[in-house]
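> Heads up: the sequence shown at position 72 corresponds to 78 in the working numbering, and the numbers run straight through without jumps.
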Amino acid sequence: QGCEKKLGTVITPDTWKDGARNTTESGGRKLNENKALTSKKARFDPYGKNKFAICRICKSSVHQPGSHYCQGCAYKKGICSMCGKKVLDTKNYKQTSV
Numbered sequence: 007q008g009c010e011k012k013l014g015t016v017i018t019p020d021t022w023k024d025g026a027r028n029t030t031e032s033g034g035r036k037l038n039e040n041k042a043l044t045s046k047k048a049r050f051d052p053y054g055k056n057k058f059a060i061c062r063i064c065k066s067s068v069h070q071p072g073s074h075y076c077q078g079c080a081y082k083k084g085i086c087s088m089c090g091k092k093v094l095d096t097k098n099y100k101q102t103s104v
């Protein structure tokens with residue numbers, strides 16, 4: 007999907023290389039980068055310009071940059087939290103948020 011390209015990467019690379027998103031070979035992250043310098047722009051600033059969005063369904067805070075739906079609402083509806091496309095047919099499932 008196109009939403010997987012928008013996902014962020016964590017500092018530590020994945021040890022399992024086959025199909026991993028967060029490896030150094032794929033060019034996803036730099037080797038020996040100074041995290042003190044590069045982490046300032048990716049930091050959460052609650053009063054700044056780049057706030058996290060609110061969920062379009064329940065109006066709570068979304069914990070992932072670039073997402074429009076919170077994880078709970080996306081799970082209950084069976085949609086992607088970034089684009090809102092239907093990923094799972096939830097007709098025969100008992101979807102609970104507990």
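We treat Cβ as the ideally placed atom computed from N, Cα and C, and that holds for glycine.
Less than 8 Å between the beta carbons of Ser67 and Tyr75, yes or no?
Tyr75 sits away from Ser67, with the two beta carbons spaced by 8 Å or more.
> Using DSSP bridges, identify the partner residues of Ser67.
Per DSSP, Ile60.
> Taking Tyr99 as the reference, give the member of Gly90, Lys91, Tyr81 with the closest Cα.
Tyr99 has its Cα closest to that of Tyr81, out of Gly90, Lys91, Tyr81.
> The alpha helix (DSSP H) with Glu10 in it runs from where to where?
Segment 9 to 12, the alpha helix (DSSP H) holding Glu10.
> If we call anything under 8 Å between Cβ atoms a contact, is Lys12 one with Gly72?
yes
> For Lys82, which of helix, strand or coil comes out of DSSP?
Note: Lys82 maps to helix in three-state DSSP.
> Let me confirm a value: Cys64 is counted as buried when at least 16 other C-beta atoms fall within 10 Å, else exposed. Which label applies?
exposed
> Starting from Lys41 and walking both ways along the alpha helix (DSSP H), at which residues does that stretch end?
Per DSSP, Lys41 belongs to the alpha helix (DSSP H) from 41 to 44.
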